[in-house]
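In what follows, a single structure is set out as structure tokens and then discussed.
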Amino acid sequence: MTKGQGFGFGLGGKMKELTEAFKKAQQIQEGAKQLQEELEQMEIEGQAGDGLVKVVLSGNQEPRRVIIAPNALQEDADMLSDLVTAAMRDAYEKSTTTMRERMEQLTGGLNLPGGL
105 MTKGQGFGFG LGGKMKELTE AFKKAQQIQE GAKQLQEELE QMEIEGQAGD GLVKVVLSGN
165 QEPRRVIIAP NALQEDADML SDLVTAAMRD AYEKSTTTMR ERMEQLTGGL NLPGGL
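Residue numbering for the sequence shown follows the working numbering, beginning at 105 and increasing consecutively.
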């Protein structure tokens, strides 16, 4: 048997790479589970109208609450609707950015094959 070929199939080096890939996949899976738990506990606030309307989402974008300042109720219904929509969009963008950054932290240092 030629050195480095393992079992005569030429897989010696490939098996080591495959084993490392499985280890990295397990690390990512464990990290993703922990990240999911963190995101569920996290609260991300979006706002509009200089804080007249605030929307709070969990880190995984589950709606938590909407806070409307009393003076926002002086606006007409269309304006209030626009403020709520803008606050929702702000919270969504912040939560998406947070999720992306956390996933990059999780997978960034693992040097995954295939650019994963």
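Even for Gly, the Cβ is constructed at its ideal location relative to N, Cα and C. These figures come from a predicted structure and were not determined experimentally.
Residue i vs residue j beta-carbon contact at 8 Å
i, j, result
"residue 129", "residue 159", "no"
"residue 143", "residue 203", "yes"
"residue 172", "residue 161", "no"
Inter-residue spacing [alpha-carbon to alpha-carbon] between residue i and residue j
i, j, result
"residue 151", "residue 134", "33 Å"
"residue 132", "residue 212", "10 Å"
"residue 153", "residue 187", "6 Å"
"residue 157", "residue 166", "18 Å"
"residue 155", "residue 127", "46 Å"
"residue 209", "residue 139", "10 Å"
"residue 176", "residue 207", "37 Å"
"residue 124", "residue 146", "32 Å"
"residue 181", "residue 169", "19 Å"
"residue 201", "residue 189", "18 Å"
"residue 178", "residue 141", "39 Å"
"residue 174", "residue 205", "35 Å"
Rounded distance between the beta-carbons of residue j and residue i, thought under 8 Å
i, j, result
"residue 163", "residue 199", "6 Å"
Per DSSP, cross-strand counterpart(s) of residue i
i, result
"residue 169", "160"
"residue 134", "Its beta-bridge partners do not exist; DSSP assigns none."
"residue 152", "157"
"residue 147", "162"
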